[in-house]
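Here the structure is laid out as structure tokens; the discussion comes afterwards.
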Amino acid sequence: AKTVSRCVLYLLKKSGMWSPVWQKTCIQVFSSCPPGPAVDACLWSLIEVFKRLLTGPSQETLRNLVAVFDGSIMILCSKLIPEEKRERTLDIFTFTKSWTTTFCLFLDLLEALTMSSISCEAEVCLRSQRIALIHSSALLTVISYCSEVFIRKKILLFLKKVLLQKVGDDWFPRDGMSFRLRYKSLSSDMSLLTRHVLQAVTAGCLQRIQTEPAASFGGAQHILVDEGPKPDGVMLRALSLVLLKSIELQIQAEVDGTTDVCGHLHSLWGFLRRSYASQVEVTHLCCWISLLFGDQDDDLMEAASSFLSIFLISRRSLGLDCSAMSEVACVSGYNPHCHFVLLLQSISFDHSILLDFLISSETCFLKYFVRYLKVLTGDWQGFSAACGCKPTSHVDGKDEFTVCAHSSHLRPNVEDSVLHTRVGLVEYDSSDESEESETTYEGPAECAIRKKTSVPLWSESSSLLSHHMCTDVMGQRTCGTLDRALLCLSELGQVVKRLQQKKLFPYNPSSLLKLLAEVQDCFHQLNRCETLQAPT
């Protein structure tokens with residue numbers, strides 16, 4: 001297959017034509033042969049040719065080649081995946097080793113075809129280029145009923161890339177290629193995909209999916225003493241992002257607000273609770289984001305961004321005030337204030353790591369950060385409550401804050417934990433402008449990822465926040481988490497401003513600096529209220 005694909009590519013380069021013998025053979029095999037070595041060889045060669053053409057200068061050749069194979073690919077599709085609404089007749093599909101190998105290659109072909117629908121810039125796409133979207137229900141059926149763990153994981157990872165608009169990222173850099181090059185029916189096709197995902201969840205798809213323990217190097221299961229097997233984080237993250245992105249896109253597209261956001265999220269939390277049953281106990285649902293995505297920056301930012309969109313759209317559709325909406329969001333685990341505080345705790349409130357995120361092109365942090373800062377400045381109470389403070393009285397129309405046992409929602413039986421401290425890529429501050437701190441802090445983010453044992457570390461009545469997150473100084477109520485969060489944002493603003501003045505920042509951060517300044521103004525206004533209220 002490798003030799004054939006190279007010959008085809010050589011002919012395309014020299015004459016702009018592909019081999020008619022290769023074309024005829026592949027079409028005949030796709031149309032008449034069952035899954036097996038012959039189909040695998042043709043799939044491999046076709047995928048390789050597509051991948052090379054996707055990065056080449058001539059997109060017209062790619063369009064013509066896809067058109068030639070369109071019909072035979074659809075015939076092959078009908079052999080490999082069940083038709084919609086045929087879940088109960090899946091016994092006709094024998095999930096043999098031959099089927100598994102062919103199906104994996106077919107998923108790679110679908111990724112190449114999906115990329116071709118973007119790169120060709122055509123207004124109308126062929127049916128084979130839309131299989132991943134219009135036949136997504138069939139792919140979800142395979143996830144529910146196929147016993148092969150690798151197949152389920154590969155489908156979820158593929159759907160995740162489609163929903164996050166990252167198809168082909170594993171093969172080569174995107175080079176500016178994105179879904180902004182849209183064909184006419186892309187919006188409706190994406191809506192169909194998200195609707196199929198949510199319908200599958202409503203029908204109990206998550207109840208049928210069995211997660212396997214995570215594999216270590218060499219394929220062995222990674223089990224430590226006194227611990228159960230760790231669940232497969234790659235699969236759980238992919239499944240979670242597929243559902244979160246589907247909820248986000250669906251509620252953005254609908255006008256009647258019929259999507260059961262809370263119901264779908266609680267289905268996800270129930271699935272994750274079963275998957276992590278031997279590892280942790282999480283009762284504050286917002287902490288699942290740290291448990292799932294804590295060590296994957298790109299997925300973490302995508303999840304946080306989706307949660308933020310869900311929060312904003314839900315607040316607008318429900319018509320609730322900020323305080324009530326924060327409570328509703330916490331009950332279902334999508335409070336963006338909690339997520340941002342957990343993010344800051346996971347990086348030990350290190351502003352240099354936030355700066356790394358801001359200048360990195362590997363995550364969507366900049367977009368998420370700007371959107372969240374706008375929410376923060378308009379909902380200061382929600383942010384303060386997430387930091388462990390709650391309003392107790394009113395001073396000149398502003399709320400004053402004191403500690404609440406926010407971390408009491410997290411009651412894991414724990415033995416020990418490790419604070420995963422991230423290291424900044426670059427030391428942005430000189431030695432005379434910064435001071436090192438050796439103090440170790442612990443907060444809800446760490447509580448959420450602790451291991452379950454038979455001995456509790458603290459009682460239910462105790463609170464981490466009341467233990468070391470809050471102090472009374474000169475009668476003024478202060479919340480340590482809130483202070484550290486705002487200090488982190490303040491230091492970030494100072495560093496960004498210095499880099500801008502030296503023309504070392506990669507883009508114009510004026511809007512970002514303005515938002516950071518507004519956050520500081522909110523904090524200073526709160527401090528003035530507390531000073532006026534302090535006893536003399």
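The UniProt record's numbering numbers the first residue of the sequence shown as 1 and each following residue consecutively.
Every residue gets a Cβ at the ideal spot worked out from N, C-alpha and C, and that includes glycine.
Whole-number beta carbon distance between L193 and L126, since they are thought to touch under 8 Å: Counted from its first residue, the sequence shown places residue 126 at position 126. Counted from its first residue, the sequence shown places residue 193 at position 193. Not really, about 17 Å apart at Cβ, beyond 8 Å.
Contact check, L512 vs V370, beta carbons under 8 Å: Counting from 1 along the sequence shown, the entry for residue 512 is found at position 512. Counting from 1 along the sequence shown, the entry for residue 370 is found at position 370. Cβ atoms of L512 and V370: closer than 8 Å.
The region 479-489 contacting the region 338-349, beta-carbon criterion three pairs below 8 Å: The region 479-489 is in contact with the region 338-349.
Contacts around S305, its chain only, beta-carbon distance under 8 Å, and the 5 residues preceding and following it disregarded: Translated into the one-based positions of the sequence shown, residue 305 becomes position 305. Same-chain partners within the cutoff: C364, K367, Y368, R371.
Integer-rounded CB distance, given that L43 should sit under 8 Å from T102: Within the sequence shown, the letter at position 102 stands for residue 102. Within the sequence shown, the letter at position 43 stands for residue 43. About 7 Å; that satisfies the 8 Å criterion.
Alpha carbon of T440 to alpha carbon of C287, nearest angstrom: In the sequence shown, the residue the question calls residue 440 occupies position 440. In the sequence shown, the residue the question calls residue 287 occupies position 287. In this prediction, T440 has a pLDDT of 35, which is less than 50 and means its spatial position is unreliable; what the coordinates show is noted afterwards. The alpha-carbon of T440 is positioned some 20 Å away from that of C287.
The region 14-23 / the region 71-79 touching (three or more Cβ pairs under 8 Å): no
For P336, the three-state DSSP class (helix, strand or coil): Position 336 of the sequence shown holds residue 336. DSSP places P336 in helix when its eight states are reduced to three.
Uninterrupted alpha helix (DSSP H) stretches inside the region 341-394 (no shorter than 4 residues): 351-359, 365-378, 380-386
Rounded C-alpha distance that separates I131 from I75: By one-based count along the sequence shown, residue 131 stands at place 131. By one-based count along the sequence shown, residue 75 stands at place 75. Distance between the alpha carbons of I131 and I75: 12 Å.
Beta-carbon gap between S128 and V66 smaller than 8 Å: On the sequence shown, position 128 is the one that residue 128 refers to. On the sequence shown, position 66 is the one that residue 66 refers to. Judged by beta-carbon spacing, V66 lies within the 8 Å limit of S128, meaning their Cβ atoms are closer than that value.
Meets three-Cβ-pair contact criterion under 8 Å: the region 308-327 and the region 352-361: no
Inter-residue CB distance, L198 and Q250 (contact presumed, cutoff 8 Å): Locating residue 198 in the sequence shown gives position 198, where the first residue counts as 1. Locating residue 250 in the sequence shown gives position 250, where the first residue counts as 1. That belief holds up - the Cβ atoms of L198 and Q250 are roughly 6 Å apart, short of 8 Å.
Residue of R208, L344, A277, C205 minimising C-alpha distance to M301: Numbered from 1 along the sequence shown, position 301 holds the residue referred to as residue 301. The shortest Cα separation from M301 among R208, L344, A277, C205 belongs to L344.
Alpha-carbon to alpha-carbon, L62 and F106: As a first step, residue 106 must be located in the sequence shown, where it is residue number 106. As a first step, residue 62 must be located in the sequence shown, where it is residue number 62. Those two C-alpha atoms are separated by around 18 Å.
Span separating the alpha-carbon of Q381 from that of S290: Reading the sequence shown from its first residue, position 381 is the one you call residue 381. Reading the sequence shown from its first residue, position 290 is the one you call residue 290. Approximately 22 Å, taken between the alpha carbons.
C-alpha distance - R484 paired with L373, whole-angstrom precision: Here residue 484 corresponds to residue number 484 of the sequence shown, with the count starting at 1. Here residue 373 corresponds to residue number 373 of the sequence shown, with the count starting at 1. Using only the alpha carbons, I get a separation of about 16 Å.
Rounded straight-line distance, which links the Cα of K97 to that of P37: If you number the sequence shown from 1, residue 37 lands on position 37. If you number the sequence shown from 1, residue 97 lands on position 97. Their backbone Cα atoms lie some 11 Å apart in a straight line.
K153 beta carbon less than 8 Å from that of A238: What you label residue 238 is simply residue 238 of the sequence shown in a count that begins at 1. What you label residue 153 is simply residue 153 of the sequence shown in a count that begins at 1. Their beta carbons are under 8 Å apart, which means A238 touches K153 by this criterion.
Interface flag, A253 vs chain D, CB-CB below 8 Å: The chain inventory of the structure shown lacks chain D, comprising one protein chain alone.
C-alpha gap between V167 and D298, whole angstroms: As a first step, residue 167 is located in the sequence shown; it is residue number 167 there, counting from the start. As a first step, residue 298 is located in the sequence shown; it is residue number 298 there, counting from the start. One C-alpha to the other measures close to 15 Å.
CB contact flag (L292, P336, <8 Å): Along the sequence shown, read from residue 1 onward, the residue named residue 292 stands at position 292. Along the sequence shown, read from residue 1 onward, the residue named residue 336 stands at position 336. Cβ distance not < 8 Å, so L292 and P336 don't count as in contact.
Nonlocal neighbours in the same chain, by C-beta distance under 7 Å from L265, ignoring five residues either side: Counting from one through the sequence shown, the residue named residue 265 turns up at place 265. Once the five neighbours on either side are set aside, the close Cβ partners of L265 are S332, G333, Y334.
Nonlocal neighbours in the same chain, by C-beta distance under 7 Å from L376, ignoring five residues either side: Locating residue 376 in the sequence shown gives position 376, where the first residue counts as 1. Cβ neighbours of L376 beyond the five flanking positions: F383, V519.
Rounded separation between residue 540 and I310 - CA only: Within the shown structure, residues of the chain are numbered from 1 to 536, placing residue 540 beyond reach of any answer.
For P37, three-class secondary structure by DSSP: For the purposes of this step, residue 37 is taken as residue 37 along the sequence shown, with counting starting at 1. In the displayed model, P37 falls within a helix according to three-state DSSP.
Own chain residues within Cβ distance below 6 Å of S191, not counting five before or after: Mapped onto the sequence shown, residue 191 falls at position 191. Result list for S191: A253, in chain order.
For P213: DSSP bridge partner residues: Here residue 213 refers to the residue found at position 213 when the sequence shown is read from its first residue. P213 has P231 as its beta-bridge partners, per DSSP.
Close Cβ partners of D189 (< 8 Å) along its chain, the five nearest in sequence each way excluded: Taking the sequence shown and counting its residues from 1, the one referred to as residue 189 is at position 189. Excluding sequence neighbours, D189 sits near R130, L133, I134.
V142: first and last residue of the uninterrupted alpha helix (DSSP H) it sits in: Taking the first residue of the sequence shown as position 1, residue 142 is located at position 142. Taken as a continuous stretch (DSSP letters only), the alpha helix (DSSP H) holding V142 covers 136-145.
Of the listed residues S144, S240, V261, F150, nearest to A203 (C-alpha basis): In the sequence shown, counting from the first residue as 1, residue 203 sits at position 203. Ranking S144, S240, V261, F150 by CA distance to the CA of A203 puts S144 first.
From S32, P20, I47, C33, residue whose alpha carbon lies closest to that of K2: In the sequence shown, counting from the first residue as 1, residue 2 sits at position 2. Minimum Cα distance to K2 is reached at I47.
Cβ-based neighbour list, R315, same chain, cut-off 6 Å, excluding 5 preceding and 5 following: In the sequence shown, counting from the first residue as 1, residue 315 sits at position 315. So the qualifying residues of the chain are M325.
Rounded straight-line distance, which links the Cα of S32 to that of L342: Counting from one through the sequence shown, the residue named residue 342 turns up at place 342. Counting from one through the sequence shown, the residue named residue 32 turns up at place 32. Their Cα atoms are separated by approximately 55 Å.
Contact test: C125 Cβ vs the ligand MG heavy atom, cutoff 7 Å: Summarising the ligand content, the structure contains no ligands, and the ligand MG is consequently not present.
Beta carbon of P231 nearer than 8 Å to that of T211: The residue you call residue 231 lines up with position 231 of the sequence shown. The residue you call residue 211 lines up with position 211 of the sequence shown. Yes, these two residues count as a Cβ contact at 8 Å.
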